[in-house]
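Residue numbering for the sequence shown follows the working numbering, beginning at 6 and increasing consecutively.
Worksheet: the structure to be examined is printed underneath.
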Amino acid sequence: MKPGTVNKVKGSEIYGDFVGHDKITNIIMFQDKEREFVVTHNANIKPVSYFTGRETELKDLRQRIEEGRKSVLVSGMGGIGKTHICRKLFEEYINKHASGENIPFCHIGYIEYSGDMGSSLQNCLKYKEQDKPEQNQEAAWKELEYLAAGGKLLLFVDNVNVTMKEDEGLKRLKSIPGAVVLTSRRTSFNKGFKTYKIGFLDVKQCKTVYEKIRYEDSGREVPEDEIPDLEYIIEKLAAMHTITIEFLAHLVQTKHWTVKELRDELEEKGFQLEYKDEEDELVNIQKSYETLYDLSGLTKEEQNILEAFSVFPYIPLAAETCNEWLFADTGVDEDADILMGLYQKGWLQFDIEQESYALHPVFARFICEKCKPKSEKHLGLIEACQKKLKIPKNGSTLECQQYISYAESIIKKMDMRKSEEYVRFIDMLAYLLLYIAEYERAEKWYEELLKTSKDILGDNHLKIAIIYDNLSTSCLGRGQYERAEKLAQKSLQIRSNILGDNHPDVVDSYTILAGVYVKQGKYAEAEKLYMNIIAICEQLDEMDYASILNNYNNLAYMYIRQGKYIKAEELLNQCVTLYEKEHGENCYKIATIFDNLAQVYEAQGRYVKAEDYYKKSLEINIKAYGENYPDVARSYHNLAGLYRKQKWYEKALNFFIRAYKIRISRHELDYRDARIMYQSIKETYYEWNPRGNFEQWLEEKMKE
Numbered sequence: 006m007k008p009g010t011v012n013k014v015k016g017s018e019i020y021g022d023f024v025g026h027d028k029i030t031n032i033i034m035f036q037d038k039e040r041e042f043v044v045t046h047n048a049n050i051k052p053v054s055y056f057t058g059r060e061t062e063l064k065d066l067r068q069r070i071e072e073g074r075k076s077v078l079v080s081g082m083g084g085i086g087k088t089h090i091c092r093k094l095f096e097e098y099i100n101k102h103a104s105g106e107n108i109p110f111c112h113i114g115y116i117e118y119s120g121d122m123g124s125s126l127q128n129c130l131k132y133k134e135q136d137k138p139e140q141n142q143e144a145a146w147k148e149l150e151y152l153a154a155g156g157k158l159l160l161f162v163d164n165v166n167v168t169m170k171e172d173e174g175l176k177r178l179k180s181i182p183g184a185v186v187l188t189s190r191r192t193s194f195n196k197g198f199k200t201y202k203i204g205f206l207d208v209k210q211c212k213t214v215y216e217k218i219r220y221e222d223s224g225r226e227v228p229e230d231e232i233p234d235l236e237y238i239i240e241k242l243a244a245m246h247t248i249t250i251e252f253l254a255h256l257v258q259t260k261h262w263t264v265k266e267l268r269d270e271l272e273e274k275g276f277q278l279e280y281k282d283e284e285d286e287l288v289n290i291q292k293s294y295e296t297l298y299d300l301s302g303l304t305k306e307e308q309n310i311l312e313a314f315s316v317f318p319y320i321p322l323a324a325e326t327c328n329e330w331l332f333a334d335t336g337v338d339e340d341a342d343i344l345m346g347l348y349q350k351g352w353l354q355f356d357i358e359q360e361s362y363a364l365h366p367v368f369a370r371f372i373c374e375k376c377k378p379k380s381e382k383h384l385g386l387i388e389a390c391q392k393k394l395k396i397p398k399n400g401s402t403l404e405c406q407q408y409i410s411y412a413e414s415i416i417k418k419m420d421m422r423k424s425e426e427y428v429r430f431i432d433m434l435a436y437l438l439l440y441i442a443e444y445e446r447a448e449k450w451y452e453e454l455l456k457t458s459k460d461i462l463g464d465n466h467l468k469i470a471i472i473y474d475n476l477s478t479s480c481l482g483r484g485q486y487e488r489a490e491k492l493a494q495k496s497l498q499i500r501s502n503i504l505g506d507n508h509p510d511v512v513d514s515y516t517i518l519a520g521v522y523v524k525q526g527k528y529a530e531a532e533k534l535y536m537n538i539i540a541i542c543e544q545l546d547e548m549d550y551a552s553i554l555n556n557y558n559n560l561a562y563m564y565i566r567q568g569k570y571i572k573a574e575e576l577l578n579q580c581v582t583l584y585e586k587e588h589g590e591n592c593y594k595i596a597t598i599f600d601n602l603a604q605v606y607e608a609q610g611r612y613v614k615a616e617d618y619y620k621k622s623l624e625i626n627i628k629a630y631g632e633n634y635p636d637v638a639r640s641y642h643n644l645a646g647l648y649r650k651q652k653w654y655e656k657a658l659n660f661f662i663r664a665y666k667i668r669i670s671r672h673e674l675d676y677r678d679a680r681i682m683y684q685s686i687k688e689t690y691y692e693w694n695p696r697g698n699f700e701q702w703l704e705e706k707m708k709e
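This is the structure:
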């Protein structure tokens with residue numbers, strides 16, 4: 006991975022902040038009318054059907070919420086209902102809004118925490134996807150801050166498992182206006198969040214939960230002669246631990262036992278949960294849950310699936326993805342419906358609205374400690390998860406990002422014994438994190454990759470050089486220029502020692518090092534390296550024109566950064582000469598250089614020359630590809646942007662519409678490009694006609 010912002014929109018790679026119409030300026034935001042009441046993707050979050058009790062907790066939390074306070078629902082252990090309380094309140098406010106009741110919130114959201122607040126927000130919140138992937142997380146934060154600006158936002162963040170010191174994003178969340186409710190097992194939190202301790206349901210409420218599950222919410226009750234045994238189980242054996250009682254209800258239902266038979270089985274196996282004195286923490290849970298595990302009579306296939314779930318984060322996984330990830334390792338097909346069977350037995354949670362499954366952390370911890378999942382039993386899962394991390398050709402990573410937490414959790418919890426598959430998995434994860442500019446997390450995994458790869462390959466291997474390159478890029482993104490420089494030099498040394506100074510792969514290390522120098526403002530050193538790279542490329546047996554062009558572009562960017570537009574123009578003209586010599590003057594690749602030259606002129610305000618070169622690029626692209634091609638659409642889009650800058654709005658809109666029509670007519674539609682073009686049209690229209698009806702105007706234009 007090379008340093009800096011990569012401009013691939015024009016078909017070439019210019020590194021740095023200057024990328025013409027793609028220049029990083031402000032984050033693109035939604036228009037107000039695009040926002041909805043529920044501002045997260047998971048609008049169908051619902052409590053369990055057997056939710057009961059909690060009237061006091063719900064009343065207290067409602068009051069805190071409507072006063073705009075920040076609260077943390079805490080208990081020293083999991084499994085007593087923090088999540089379901091949040092889901093109940095979330096559903097309640099959505100229903101009130103839908104029925105037209107007056108509530109103090111304009112927006113509401115539900116975030117499932119997955120390791121850090123920034124990534125969790127990016128996964129769950131609806132925000133305008135940015136042209137540059139590295140801007141997406143900040144775009145999510147900006148959207149949240151905008152929504153909360155008037156104090157009219159209610160946000161739930163479920164299952165926060167770290168302290169505020171461990172996650173800077175939680176500190177940022179604290180500064181945002183509006184009501185925020187977190188759930189956590191941590192009993193102490195920052196002063197900005199008021200803790201609210203969740204207690205246990207009483208025996209009567211636990212009995213109601215049992216009956217609703219056992220009799221499938223039919224209204225039936227436990228027979229009178231069985232009540233004493235049930236109360237004994239609830240109070241003495243299950244210690245009023247909600248999720249354990251839920252499990253026992255499922256167990257009785259699937260086994261068709263009476264309450265007396267359940268009690269006899271539990272006592273015979275020595276099942277009994279207990280708490281530490283004055284602490285909400287279960288003792289002997291491992292031994293007691295071993296009993297439940299045995300009583301379930303799980304098949305090998307079911308055990309394999311539960312092992313897999315035990316290494317997942319506590320985030321619902323779509324049923325379709327579960328099938329794709331898990332069934333290859335069980336040797337059975339989807340028709341076996343193992344997942345639903347595990348739900349009916351009480352092991353998995355199933356959300357009917359979202360069609361997703363999850364394993365509660367209490368069960369996950371027990372199963373992971375009992376089974377110690379090994380990679381050789383889950384090769385299908387590992388391969389399927391890796392595929393989800395692969396960045397698609399259109400460059401959009403929104404789909405990939407939702408699986409980062411799964412990948413991190415699998416790597417941490419599953420025994421892979423530092424194998425080659427372990428290395429491949431970390432490499433894919435780290436690269437995705439680097440691509441989306443999650444530099445700190447990427448660096449952590451590249452450090453692990455470096456250590457493991459050295460153990461397998463030794464210190465002097467070309468793969469080690471690549472890791473140094475990526476670590477350097479990560480450090481560069483975090484502003485750690487000195488470390489980035491040292492890492493790039495290490496990569497260069499390994500490649501030079503193995504391949505010699507004049508090998509194409511050595512050019513990559515030189516290019517990264519030169520990029521570091523540019524960021525440090527060491528322009529003389531960078532220029533020397535770029536010229537050296539070009540000289541190497543020219544001396545190769547087969548001249549590497551692509552690398553020469555790339556480094557001319559990099560040099561041009563450096564000159565632009567210094568305001569040396571004439572030198573940048575000279576270099577780009579050399580690129581034109583180089584292409585004409587190699588491919589002829591009408592080669593379609595020259596269109597890329599014309600685009601970049603146009604951007605240089607545009608940056609200087611030389612709009613006539615910029616227009617001339619954009620038109621040359623357009624003409625070549627039409628000759629090469631015809632009218633209905635993405636590069637032609639980009640040429641129209643560039644011209645439209647130039648006209649908009651000069652306030653020639655009608656002309657700009659005509660060219661924007663041409664670009665947009667081409668984009669949405671393509672079978673291999675790049676939705677990100679289409680969204681960017683749509684947004685450009687919309688913004689330009691309102692600059693031209695602030696009080697107009699954009700949707701009606703666009704509909705008429707699209708028919709022309």
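Virtual Cβ for every residue (Gly too), placed ideally from N, Cα, C.
These numbers come from a predicted model, not from an experiment.
Asked                                                                                               : Found
I232 versus R225 - alpha carbon distance                                                            : 13 Å
Euclidean distance between Cα positions of P318 and S410                                            : 7 Å
Assigned exposure category for P695 - 16 Cβ within 10 Å defines buried                              : exposed
Residue closest to A153, alpha-carbon to alpha-carbon, out of L175, N164, R191, G114                : G114
Presumed contact (8 Å Cβ cut-off) between K423 and D460, rounded CB distance                        : 6 Å
DSSP beta-bridge partners of K202                                                                   : V79
Residue closest to I372, alpha-carbon to alpha-carbon, out of E360, L311, P321, E60                 : L311
Within 7 Å, strictly: CB atoms of S293 and L278                                                     : yes
Separation of R40 from D356, as counted between CA atoms                                            : 26 Å
Closest Cα partner of C746 within the set L439, R663, T335                                          : With the chain represented from 6 up to 709, any question about residue 746 goes unanswered, as that position is not in the structure.
Residue from K621, N49, L545, V79 with nearest C-alpha to C129                                      : N49
Helix, strand or coil at A657 according to DSSP, with G and I counted as helix                      : helix
First through last residue of the alpha helix (DSSP H) which encompasses F355                       : Unbroken run through F355 is the beta strand (DSSP E), 353-356; no alpha helix (DSSP H).
C-alpha distance - L297 paired with F430, whole-angstrom precision                                  : 34 Å
Distance, A389 Cα to E747 Cα                                                                        : As displayed, the chain neither begins before 6 nor continues past 709, which places residue 747 out of reach and without an answer.
Coarse secondary structure for K569, derived from DSSP in three states                              : coil
Beta carbon of N682 nearer than 7 Å to that of A657                                                 : Correcting the residue identity first, residue 682 is Met in this sequence and not Asn. No; because the gap between Cβ atoms is not below 7 Å, this pair is not in contact.
Whole-angstrom distance between Y562 and R190, CA atom to CA atom                                   : 50 Å
Per DSSP, the bridge partner or partners of E115                                                    : As written in the sequence, residue 115 is Tyr, which differs from the Glu given in the question. Its beta-bridge partners are F161.
Residue from E139, Y98, K652, V208 with nearest C-alpha to L159                                     : Y98
C-beta atoms of L300 and A313 nearer than 7 Å                                                       : no
Secondary structure of A244, DSSP reduced to three states                                           : coil
Nearest neighbour of A145, chosen from R177, V167, E171 [CA to CA]                                  : R177
At least 3 beta-carbon pairs within less than 8 Å: the stretch 51-70 vs the stretch 116-134         : no
Closest by C-alpha distance to G174, when choosing among Q142, Y201, A184                           : Q142
C-beta contact flag for L253 and F276 at 7 Å                                                        : no
Cβ neighbours of T57 in the same chain (closer than 8 Å, five flanking residues each side left out) : L206, Q210, T213, V214, K217
Environment of V613 [buried if 16+ CB atoms lie within 10 Å]                                        : exposed
Simplified DSSP state of L454, which is helix, strand or coil                                       : helix
Delimiting residues of the alpha helix (DSSP H) encompassing T61                                    : 60-71
Boundaries of the beta strand (DSSP E) in which A363 is found, first to last residue                : 361-364
Burial state of S640 (16 or more Cβ within 10 Å)                                                    : buried
For S189, three-class secondary structure by DSSP                                                   : strand
Cβ shell of S315 (< 6 Å), same chain only, five flanking positions each side left out               : A369, I372, C373
Counterpart residues of L322 in DSSP-defined beta bridges                                           : Y362
Continuous alpha helix (DSSP H) stretch holding Q494: start and end                                 : 486-504
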